[in-house]
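Q: This is the structure I have questions about; it appears just below.
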Amino acid sequence: MPVSISVVIPTHNRAASLRRTLDALATQTYPLEAVEVLVVADGCCDETVAMLQEYSAPFALRVLEQAGQGPAMARNHGAVHATGQLLLFLDDDIEAAPGLIEAHVHAHLSRTGQVVLGYLPPVVHGEAGLFPGELRAWWETMFDAMRRTGHRYTYCDLLSGNFSVEGTLFAHVGGFDASFRCHEDYEFGARLLSAGTEFTFNADALGYHHEMTDLDRALRRKYEEGIADVQFGRRHPQLRPTLLLTRLETFFSPPSRILRTLAFEHPVAGDTLIAQFQRCLDFLERARLRRLWRLMLDGLLGYWYWRGVAEALGTRQAFAEFLADISKGDEESDIPELDLLDGLEAVEQRLDEERPAGARIRYGRKVVGRIPPQSGAERLRGVHLRPILRRELAVPLLKALVFEPGVGESAAADHLLEVLFERKWYYRILRNRSRFAAGGAGVSWRRSGYSGR
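Quick note on numbering: our numbering labels position 126 of the sequence shown as 127, and the sequence is numbered without any gaps.
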């Protein structure tokens, strides 16, 4: 018997897009007798419900209606009525590739208790121009990071448009917080990671995202994100350092200071001024002043984000108090010391068993470095170690290997170098060992072929 799966699709007044989504699900390679689709019509006043009533589906199709309570409540509504062992959440603008459901199910069969994140390459509609290109690049950059071996997932990696989870796990964590009208997926992702859930990216779970966002929608979305970030920070004080508003305050620039001041103290004047700047974008694009166009776009997005923050907090004093009340947590006490002389595989196994928030890395008597706790991220796993050693800790690791006595005869060092940097690094390091001991004179890591990135 194939694993049963329930596909939950929230929708609001997008009948044509929803039909395309349903048509794509009808061509799935996974046995359709094991598939049910629950469409939750959230305050629809177009022809959505009529279309669904007439739609001839080769799978079990159930239509649920609710009175404009938002996408988070719609997904919860669908999940409550679902009968499948797995829940697959799709947005109504996703055109599933034929193997999407099968890829999700197979990923869950390989390991239980995980969340499977699907791939959503954007299909940007509308006029050609710089903005659709920026939108496409934003989406692809996000998925490129998840493709890398050893990617350390954060709550921001959970995108509600294409992901699957066991129904029991969804219920255990509590589903989506229906009070969120934006970033409800991030908030759910934070609780999943806090519960120790593993995230997995599966590029074969492919759904084409028919992105209809234009500039006006993007600016409105930024305003909603500002409100949601304050709500998120109140719900999860320990994650406030990860929020955009905190990072903007930490790395403050004069333009950002001006935008924040306008948003908090002069919103009417700010809205008028920003509207004039928005009209300049077309001129900058026609004049091919791309750098200025991007700076102007960043300013527009930043202003409307701050407007959302100001709407949620009210005053500058409330903002200062919000930033001051940042929980430190006790993750610093959960940092074991790991010795690579024990063997790379042994250290990886220990990380998988202990799942610490961070770690201190040694090679014998030599300190290599520290993997700090990362707020909002999954706890360390063995798969994270090699990419971190290759990138963040490459130079101190290579120096430790060179300075540790007996490196030339050490099987552990030989194995580390061969696995992490390929064998050619072994000989280059040994040839330069005396210069390292003298303070590194004449040695260039970049010239020797390794830049640390």
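Beta carbons are placed, not taken as given, at the ideal position from N, Cα and C, and that holds for glycine.
1) Along the alpha helix (DSSP H) that carries G130, what are the first and last residues, could you check?
2) Could you round the C-beta distance between L26 and V38 to whole angstroms and report it? I think they count as a contact, below 8 Å.
3) Within the continuous alpha helix (DSSP H) that includes G85, where are the two ends?
4) Can you tell me where the beta strand (DSSP E) holding S165 begins and where it ends?
5) Between the C-alpha atoms of L302 and L245, what's the straight-line distance to the nearest angstrom?
6) My understanding is that I389 touches G359, with C-beta atoms under 8 Å, so please give their C-beta distance in whole angstroms.
7) Rounded to whole angstroms, what is the Cα-Cα separation between V125 and R137?
8) Compute the Euclidean distance between the alpha carbons of T142 and Q70, then round it to the nearest angstrom.
9) Which of the three DSSP states is assigned to S376 in this structure?
10) Kindly indicate the opening and closing residues of the beta strand (DSSP E) around Q67.
11) Roughly how many angstroms lie between the CA atoms of A61 and L23, to the nearest whole one?
12) Helix, strand or coil for I362? Go by DSSP, reduced to three states.
13) Cα separation between R280 and H210?
14) Considering only DSSP beta bridges, list what D47 is partnered with.
15) Return the bridge partner residues of H210 from the DSSP annotation.
16) So who's on the other strand from P11, going by DSSP bridges?
17) Are the Cβ atoms of W305 and L220 separated by less than 8 Å?
18) Return the CA-CA distance between A414 and P99, expressed in angstroms with no decimal places.
19) Buried or exposed: where does T155 fall if 16 or more other Cβ atoms within 10 Å of its Cβ makes it buried?
20) Is the Cβ-Cβ distance between T243 and S376 less than 8 Å?
21) Buried or exposed: which applies to C45, given that a residue is buried once 16 or more other Cβ atoms fall within 10 Å of its Cβ?
22) Taking the alpha-carbon positions, what's the I95 to G119 distance?
23) How is I6 classed by DSSP in three states: helix, strand or coil?
24) Would you kindly report the start and end of the unbroken beta strand (DSSP E) that includes E338?
25) Between E355 and the rest of its own chain, which residues show a CB-CB distance below 7 Å, the 5 nearest in sequence each way excluded?
26) Please state if the CB of V36 and the CB of A83 are separated by a distance shorter than 8 Å.
27) Who does R371 pair with in a DSSP beta bridge?
28) So, for L260: in the same chain, excluding its five sequence neighbours on each side, which residues have a beta-carbon less than 6 Å away from its beta-carbon?
29) Using a Cβ-Cβ cut-off of 6 Å (strictly less than) and excluding sequence neighbours within five positions of L89, which residues of its own chain qualify?
30) I'd like to confirm the pairing. Which residues does DSSP put opposite Q115 in its beta bridges?
31) May I ask which residues mark the beginning and end of the alpha helix (DSSP H) holding P268?
A: With the given structure in hand:
1) First-last for G130: undefined, no H or E at that position.
2) 6 Å
3) Where G85 is concerned, there is no enclosing alpha helix (DSSP H), given that its DSSP letter is neither H nor E.
4) 163-167
5) 12 Å
6) Incorrect: roughly 11 Å between the Cβ atoms, too far for contact.
7) 7 Å
8) 32 Å
9) coil
10) 61-67
11) 11 Å
12) strand
13) 28 Å
14) None, per the DSSP bridge assignment.
15) I95, P123
16) V41
17) yes
18) 47 Å
19) buried
20) yes
21) buried
22) 11 Å
23) strand
24) 338-340
25) P337
26) no
27) R361
28) G303, Y304, W307
29) I6, V8, H105, S165
30) E199
31) 268-287
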